[in-house]
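All remarks here apply to the structure that follows.
Number of protein chains: 4
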Amino acid sequence: MNKTKVGIINVTGYAGVELARLLHQHPEVVLTSVTGRSAAGQRLDRVLPHLSGIDLTIEAELGDVELAFSAMPHKESAQEVISLLERGLKVVDLSADFRLKDAGEYQAWYGFTHPAPELLERAVYGLAELYRSQVGAAQLVANPGCYATGAILALAPAVKEGLTGADIIIDSKSGISGAGRTVSLKTHYSEANEDVTAYALSGHRHLPEITAELELLRPQPSPSVTFVPHLVPMTRGLLTTAYAPLTGKVSPDKKGAEELIKLYRDFYKDAPFIKVIDFPPHTKYTWGSNLCLIHPTVDRRTGRLIVISCLDNLVKGAAGQAVQNMNLMLGLPETTGLETLAVYP
Amino acid sequence: MNKTKVGIINVTGYAGVELARLLHQHPEVVLTSVTGRSAAGQRLDRVLPHLSGIDLTIEAELGDVELAFSAMPHKESAQEVISLLERGLKVVDLSADFRLKDAGEYQAWYGFTHPAPELLERAVYGLAELYRSQVGAAQLVANPGCYATGAILALAPAVKEGLTGADIIIDSKSGISGAGRTVSLKTHYSEANEDVTAYALSGHRHLPEITAELELLRPQPSPSVTFVPHLVPMTRGLLTTAYAPLTGKVSPDKKGAEELIKLYRDFYKDAPFIKVIDFPPHTKYTWGSNLCLIHPTVDRRTGRLIVISCLDNLVKGAAGQAVQNMNLMLGLPETTGLETLAVYP
Amino acid sequence: MNKTKVGIINVTGYAGVELARLLHQHPEVVLTSVTGRSAAGQRLDRVLPHLSGIDLTIEAELGDVELAFSAMPHKESAQEVISLLERGLKVVDLSADFRLKDAGEYQAWYGFTHPAPELLERAVYGLAELYRSQVGAAQLVANPGCYATGAILALAPAVKEGLTGADIIIDSKSGISGAGRTVSLKTHYSEANEDVTAYALSGHRHLPEITAELELLRPQPSPSVTFVPHLVPMTRGLLTTAYAPLTGKVSPDKKGAEELIKLYRDFYKDAPFIKVIDFPPHTKYTWGSNLCLIHPTVDRRTGRLIVISCLDNLVKGAAGQAVQNMNLMLGLPETTGLETLAVYP
Amino acid sequence: MNKTKVGIINVTGYAGVELARLLHQHPEVVLTSVTGRSAAGQRLDRVLPHLSGIDLTIEAELGDVELAFSAMPHKESAQEVISLLERGLKVVDLSADFRLKDAGEYQAWYGFTHPAPELLERAVYGLAELYRSQVGAAQLVANPGCYATGAILALAPAVKEGLTGADIIIDSKSGISGAGRTVSLKTHYSEANEDVTAYALSGHRHLPEITAELELLRPQPSPSVTFVPHLVPMTRGLLTTAYAPLTGKVSPDKKGAEELIKLYRDFYKDAPFIKVIDFPPHTKYTWGSNLCLIHPTVDRRTGRLIVISCLDNLVKGAAGQAVQNMNLMLGLPETTGLETLAVYP
């Protein structure tokens, strides 16, 4: 057997909860330790009854594992990660604390001085579709933000190939679980139900990730990205609609649309979780699965690229992507433990 | 009392249902006749039990009224309207059949030859915020589409004043009632719940309305509009996020954002149902009311205008706007019968 | 004009919010003062943007009014009410603090010693359908709990007429707004959405109200009531399913079912907000309105009475009923300001 | 490998869709043939994009398999099943057509003359928790109705042990997917959202199953069952609240409640999908899984038994239970392919 022992720091948030579900059904690793802040000392399946098959008690400190997931909030996560790395563990950090390369951006976007700027270069941005081999060799993987995952996957092929100009609009619609498990009026059922709202109009924290990655894909012209996230009344799901002018490499007609599909399929030919489709996807097609569905097309009237991507924000947008990264870090097939289909309807 | 008698053609669709609710509480008109296709002969409050206060039987033909609302589907509505006009009635048509000025567009967008092209010029586009006096003098008012209402109101001040360039992106999120009451897999609860999807990527029928009206507001540069509607899992509500480059008349900074708010408030100073606000609105703030909330702002990083508008698609996006138009056509104060606040939460 | 001035204590909870909406559209009273705990000093329409038509600032203390609504939580409300009565005001208390006649029950059910037991007899239980004249003469009205309203209205005619035996089961399904606006994991969108749960199996606080009122309607046999409340994923609405054995006064057949309807209609003939119907009601038929729909029927196989009632928990279950009580206390027609139809769908 | 080939008749309804998901992830069988009425000839993952991992075309006739699931509607299913049995296949029928032993009941409850009354005795009622060995030996298993599953599992231990009297009330709350995939106004999103309703008050078709099985568990006293199903606005989930008088074998106090839990746990000690818990369950704890959570307790005030059960109506209430039955019929461990945890939140 000799399964790899893995652990979760802060199992009681939604990313942690979902990690526990996915790791429990993983055939090659075994979840042996979970920590939680206020719930330490309680049985995991008492705090989270749907995890009734997992026989673990929530601990204050992580036990003996080979790889750890940190599902702590940003800033606090960095401290945990530093300590885990010192113990020699492999780490997947689901927070934002190692996603940006420029330490100064943490002050600007997150309001704290990064405690370990030297680690930022070592950390690999855990979007396996772009950095498969680097993830495989990494000790520390920074799991991308949910919005960033949906946006970068939607745009990467077009940007990389220079199909689009600099003016990019990203309009995202997320389920409420994306806002986390912390209680607030914003996530109160009666306030969030039957409601749609835009937020973070002055700049969402996933924007620097998106911009940095798009710029790495094609530095010129430097992308000028407007990103507006929205909350929609559902638990899971993230749909991203991206708009950009076409540069002329594909034409804004039926033929161009077909070329786009082909180009996207080629770009993602080794990516088992990406499905490029020729019709508009529904977030529901990805519910509970690690898939990201992408539909690139052209607006014939205006000569623009439109790309729609869909994913489950807690799976491909968080815990599933973290397991995908873990698989690569452990030398396992990328899809191990992630093959289950979406639950529909 | 001498209240004006009004009637509704096709009361059993959602626009018709909502008209019945609003007209019943209107102090200056009386709803005396309603028609419905399959339900003719049945009591209105048996078919629609929430209308228990209205003592009417659904008829096959409209009775004696002075003003009629047609809530028929497009193409069928035109025939009804022609006949109503011949009877000398004032008419508010909630279908698309008299919204476009160019008869040829009906072939292109709706797939039928318009039966009365000569009426298209006489019909007034029923967006009172732009055409108050014309609506007041009209015999036939074409009530705007829900998406068109949200989009045009969001952009009109900026376009009119030349604050924006031609490249306009309109990303709309609508509740499911916008798709009507006809049953389909698309509106099946189990399919639409916990789901977001984009649709009509090859061109939604509200696009020609939007483009035509923006062009009338400022012919040069001719607007190049990409419009993508989305369905989100809620019954009512329509949030529109509009993006456009700024031309330099307002600056992409705090001062520019404040000037924008001021300019929008000035533009809508006589519009009782428009609230220009300095924070992102929620669709829920308009639930059941005729308000349209608008939040214009700037994206400082990219120099773009972002405008968010919210409304209830069945009220300001359909029946409420129709009553607002009726008020003007009858010489009543614009807000008569439409003063109730949103129901929240 | 000389409208009566009224005020709301704790306007920022859901009952307070709904009171503000209803009082604003009331033609005979004027809302002149509202208080709120943390929000004092802020404009009402800034804290609650849907109330954009109300020009009031939230105060720390109630201003000069003739009648006040207390929407404080239990225990705290009693203190407010005592002070309001001392000022000579008429009071509608939406908390539980004056609903029970036996002061000892407050210790048992609410865990505090009642500060003014002498007021319990003076307070009138504000179910106008049972106590219309007493409400009209009262200085202090204790507005019933939402569950109690649905349950008592469903059972009152049958119990009063001795149609049923003592064994009563009340199974209620409430929207999430019934749990209030205070944030908690229980009302977190992601936890409450796509979920149904039963709670308070060891005894919900509305049970003593229900039992006491049923016993007053018919002391023998003393009712033996099991009451289980459930939370269902919607914002508003309360459906109560009540079961009891028939005693033989009506027969468990078609004829008995028709007699039941007739008997219920007769019982409620003077109650403008009660509609007794011969088909199962939907909570949606009452959304935003003060109606309570009741469908009594028989189970032919088992000889049991089944009664379904539906209401909007924030209107007839709270704020609407409070306004109905206010109308009676001020000598106004019971329906004043409460005539608007349900918003559907 | 030599996996058993299995097929699904009518894969496009919700039970069929869910069977496809579960069978695809089953390690010991392989789904080789699926049929569908209108969709024959189309790729399965085109009609149902979430099944993108399944490489099958929908057929008009079932191919070569060893075991078939019929997910046809009642009456039509019987014809299919007869033909499948004649081919020598093992069959799990998800319709009602072989659930009742008395052919005459099909006329009364389903309005058709049963075409093969002789098969009713041979068919095994597929509630493995009661009929494990019989299911294992059966050629034809009649998969129970979703409501019947929740109700019988909630009551079986108490009824079997004679803890309860004859007067049983079953109040069930089901998600909308329980009403199937066929479009109708009842399941239209805008009608079903923000709504709860009771239905089938004159007798739901799952009642005869429930009554028959309870009577088999303990013939005396013959159970007198009132069953009222409700629709609540969620896609999946079924919560059943059952009430019955206690006979005195357990006492209505803390000690009795603990004995109940113990007795239930003992009754279900060999049932891997039943979790007897000492707190009220949430349907969400079972979302997507084959678990049934049961919480039996006592109402101390009235001496009644209250039992709450929760399950996913499409899994333990339909497709998951069918796979559980298949496992037993094929001599596999009961839990094979059904170990995944609920997806939460």
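Protein chains in written order, with this note's numbering: chain A, 4 to 348; chain C, 4 to 348; chain P, 4 to 348; chain F, 4 to 348.
C-beta atoms are modelled at their ideal positions from N, C-alpha and C, and glycine is treated no differently.
Taking a C-beta distance under 8 Å as the contact criterion, residue 146 (chain A) and residue 129 (chain A) qualify as a contact pair. Any Cβ of chain A closer than 8 Å to the Cβ of residue 15 (chain P) would place that residue at the interface, and such an atom is absent. Within the stretch 170-183 of chain C, those residues whose Cβ lies closer than 7 Å to any Cβ of chain A are, in chain order, 172, 174, 176. When rounded, the separation of the alpha-carbon atoms in residue 35 (chain F) and residue 86 (chain F) is 19 Å. If the five residues before and after residue 55 (chain F) are omitted, its C-beta is found closer than 7 Å to the C-beta atoms of 48, all from its own chain and listed in chain order. Taking a beta-carbon distance threshold of 8 Å, residue 56 (chain P) counts as an interface residue toward chain C.
Membership of residue 172 (chain A) in the beta strand (DSSP E) is indicated by the continuous run 170-177. When DSSP states are grouped into helix, strand and coil, residue 342 (chain F) belongs to the coil group. Here residue 230 (chain F) carries a strand assignment [DSSP, helix/strand/coil]. Two segments are said to touch when three or more pairs of C-beta atoms, one from each, lie closer than 8 Å; by this definition the stretch 15-28 of chain F touches the stretch 326-343 of chain F. Taking the C-beta atoms as reference points, residue 331 (chain C) is found no nearer than 8 Å to residue 186 (chain F).
Contact note: residue 191 (chain P) reaches chain A through 184, 186, 190, 191, 192, using a C-beta cutoff of 8 Å and chain order. Listed along chain F are 347, 348, each with a C-beta nearer than 8 Å to that of residue 20 (chain A). Only 238 from the stretch 230-259 of chain P bring a Cβ to less than 7 Å from some Cβ of chain C.
It is roughly 11 Å from the alpha-carbon of residue 67 (chain A) to the alpha-carbon of residue 91 (chain A). Secondary-structure assignment with DSSP links residue 93 (chain F) through a beta bridge to F:70. Leaving aside the five residues that flank residue 292 (chain C) on each side, the residues in its chain whose CB is nearer than 7 Å to its CB run, in chain order, 315, 318, 343, 344, 345. The alpha-carbon separation between residue 257 (chain F) and residue 71 (chain P) amounts to approximately 44 Å.
Only residues of its own chain outside the window of five on either side were considered, and among them 231, 233 have a CB closer than 6 Å to the CB of residue 201 (chain C), listed in chain order.
Residue-level contact by beta carbon fails for residue 5 (chain A) and chain P, as no gap is shorter than 8 Å.
The Cβ of residue 117 (chain A) sits no closer than 8 Å to any Cβ of chain C. If you draw a 10 Å sphere on the C-beta of residue 225 (chain P), you find fewer than 16 other C-beta atoms in it, and that means exposed. Residue 212 (chain P) is outside the set of residues whose beta carbon lies under 8 Å from a beta carbon in chain C.
Residue pairing by DSSP puts residue 246 (chain F) in a beta bridge opposite F:172, F:309. Distance from the Cα of residue 9 (chain C) is smallest, within the candidate group C:50, C:46, C:306, C:95, for C:95. In the structure shown, the three-state DSSP call for residue 46 (chain P) is strand.
For a Cβ distance threshold of 9 Å, residue set 342, 343, 344 of chain F lies close to residue 28 (chain A), ordered along the chain.
In this chain, the alpha helix (DSSP H) harbouring residue 159 (chain F) covers 149-163.
Across the structure, residue 61 (chain A) and residue 198 (chain A) are spaced so that their CA atoms are roughly 36 Å apart. The beta carbon of residue 132 (chain P) sits closer than 7 Å to the beta carbons of 156, 271, 274, 277 from its chain, once the five residues preceding and following it are set aside; these are given in chain order.
Taking 9 Å as the upper bound on Cβ-Cβ separation, chain A lies near residues 278, 280, 282, 284, 285, 287, 288 of the stretch 277-288 of chain F.
As far as DSSP is concerned, residue 202 (chain C) takes part in no beta bridge. Residue 295 (chain C) and residue 190 (chain C) have their alpha carbons spaced roughly 25 Å apart. Against chain F, a Cβ distance below 9 Å from residue 202 (chain P) picks out 283. Here residue 101 (chain P) is buried. Its C-beta has 16 or more other C-beta atoms within 10 Å. When the beta-carbon positions are compared, residue 81 (chain F) and residue 13 (chain F) stay at least 8 Å from each other.
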